[in-house]
Structures are given as C-alpha cells and as structure tokens.
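Residue numbers (this note's numbering): 5 to 154. Don't be surprised by glycine CBs; every beta carbon is placed ideally from N, CA and C.
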C-alpha cells in the first residue's frame with residue numbers, strides 16, 4: 005500500500021489530469037479560492053437580508069405594542085402565514101423567468117395564492133365555512149392546470 009501524498013508511485017500523467025501530486029495542497033487551494041470568492045462577493049448565494057431576524061423583530065414589536073396598550077388585532081399572528089405565501093409566489097416568479105410556463109410555476113403560484121387567501125381569511129375573520137370550498141376548488145383547478153402542461 006502506498007502513501008497518497010507521495011508522487012513516487014506510478015500514477016497517470018500529472019499534466020494531463022491536473023493532479024499536482026499532493027491532494028492536500030489541491031484541497032487547500034480550492035478552499036482558499038472559495039473563501040476569496042465569498043470575500044469578493046462573487047459567491048453563488050444570495051447573501052441578502054436575514055429574514056429570520058426580521059421576523060423575530062416584527063413579532064417582538066407587535067407584542068410590545070400590545071403590552072403598551074396600542075390597538076393590535078387579536079389575530080395578528082395570521083400575518084405570519086404570509087411569509088411562506090410570499091416565498092412561494094417569489095419562487096413561482098423565479099421559475100417562470102427561468103423555465104417559462106411549467107408545472108413548477110403553476111404549483112408554486114397556486115400554493116402561494118392558497119396560503120395568501122388563508123392568511124387574509126384568518127386575519128379578517130372571514131368564516132372558514134365559506135372559505136374551505138373555495139380552497140378545494142382552487143386546488144382542483146391547480147391539478148387540472150398542472151396536468152395540461154405535462
């Protein structure tokens with residue numbers, strides 16, 4: 005058995021494969037390149053706003069306002085359903101820009117609209133007896149629409 009760090013063992017032509025002889029040096033160079041890319045801002049991630057922090061901040065402000073005597077709706081928590089609804093609608097827009105009309109676009113859009121409607125119904129105290137049949141109709145329409153694009 006040979007040591008993978010030595011170049012004395014028979015190996016393929018290093019120039020052809022890009023192998024420098026020491027895999028640790030190669031990994032170290034890759035790691036430094038990734039770190040440099042993150043520092044320069046050319047990384048593939050978004051690197052945007054910390055949404056979790058903003059959500060906790062908003063919840064804290066609402067609770068503080070309620071404790072200080074300000075008028076806060078009794079079902080303010082229904083607004084938290086808007087977070088995944090907006091995320092689903094943003095994904096639908098991103099999928100549409102990348103792929104055009106596809107089942108992924110329809111699925112994300114319908115999911116986002118259903119969550120948006122649910123959040124608004126809960127926030128404004130719309131009776132769920134009227135609301136649930138509409139949701140079933142929308143889900144059925146989504147299934148039909150997705151099957152048309154397959």
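Below-8 Å beta-carbon distance, residue i vs any chain D residue
| i | result |
| --- | --- |
| residue 35 | Absent here is chain D; the protein component of the structure consists of one chain. |
Three-way DSSP call (helix, strand, coil) for residue i in this model
| i | result |
| --- | --- |
| residue 74 | coil |
| residue 104 | coil |
| residue 131 | coil |
| residue 88 | helix |
| residue 54 | coil |
| residue 79 | coil |
8 Å Cβ shell around residue i - same chain, five flanking residues per side excluded
| i | result |
| --- | --- |
| residue 143 | 114 and 118 |
| residue 69 | 76 |
| residue 79 | 126, 127 and 129 |
Alpha helix (DSSP H) segment containing residue i, residue limits
| i | result |
| --- | --- |
| residue 27 | 27-44 |
Contact set for residue i: own chain, Cβ-Cβ below 6 Å, skip 5 residues either direction
| i | result |
| --- | --- |
| residue 86 | 123 |
Counting Cβ pairs closer than 8 Å, one from the segment 99-107 and one from the segment 123-134, do we hit at least three? No, because fewer than three Cβ pairs between the segment 99-107 and the segment 123-134 fall closer than 8 Å, the two stretches do not touch.
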